[in-house]
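Chemist:
This is the structure we're talking about:
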């Protein structure tokens with residue numbers, strides 16, 4: 025059971041990095057530092073969007089409109105931190121005490 029929890033924590037951390045990459049890339053694209061006409065950039069951007077949209081889309085439905093400012097990644101970061109904290113503080117110690 026501890027191995028499963030470790031894998032979940034690793035996946036959450038990897039998704040945290042994917043969200044961070046998405047935020048940085050969106051800034052770089054917005055300020056024309058990188059261009060989506062470049063085939064490699066377009067491919068990376070498409071993969072990043074396909075990974076993040078299933079999580080961010082439901083969050084965006086409930087968030088109020090902040091005139092073009094997308095705060096859904098911030099909410100996703102908080103959710104990831106919350107899930108990691110629950111696993112670290114409550115579930116993981118209970119699994120260790122139970123000896124599973």
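Residue numbers (this note's numbering): 25 to 124. All residues carry an ideal CB built from backbone N, CA and C; glycine is no exception. Note that this is a predicted model, so its numbers are computed, not measured.
Compare the C-alpha of residue 39 against each of 89, 25, 58 and 76 and name the closest.
Modeler: The option with the nearest alpha carbon to residue 39 is 76.
Chemist: Please list the terminal residues of the continuous alpha helix (DSSP H) segment that includes residue 65.
Modeler: Residues 63-86.
Chemist: Could you give the DSSP three-state label for residue 95: helix, strand or coil?
Modeler: Correct three-state label for residue 95: coil.
Chemist: Judging by CA-CA distance, which residue of 66, 120, 113 and 84 is the nearest neighbour of residue 50?
Modeler: Looking at the Cα atoms, 66 is the closest of the given residues.
Chemist: Within the same chain, show all residues whose beta-carbon is closer than 7 Å to that of residue 104, passing over the 5 residues directly before and after it, in chain order.
Modeler: If we look at residue 104 and ignore the five residues flanking it on each side, its Cβ neighbours are 36, 39 and 40.
Chemist: Should the stretch 107-117 be called in touch with the stretch 58-74, which here means at least 3 C-beta pairs below 8 Å?
Modeler: No, because fewer than three Cβ pairs between the stretch 107-117 and the stretch 58-74 fall closer than 8 Å, the two stretches do not touch.
Chemist: Classify residue 25 as buried or exposed, calling it buried when 16 or more other Cβ atoms lie within 10 Å of its own Cβ.
Modeler: The residue is exposed, with fewer than 16 neighbouring Cβ atoms inside 10 Å.
Chemist: With distances taken from CA atoms, which of 112, 121 and 118 is nearest residue 32?
Modeler: Answer by Cα proximity: 112.
Chemist: Out of curiosity, what's the CA-to-CA distance linking residue 54 and residue 82?
Modeler: About 23 Å.
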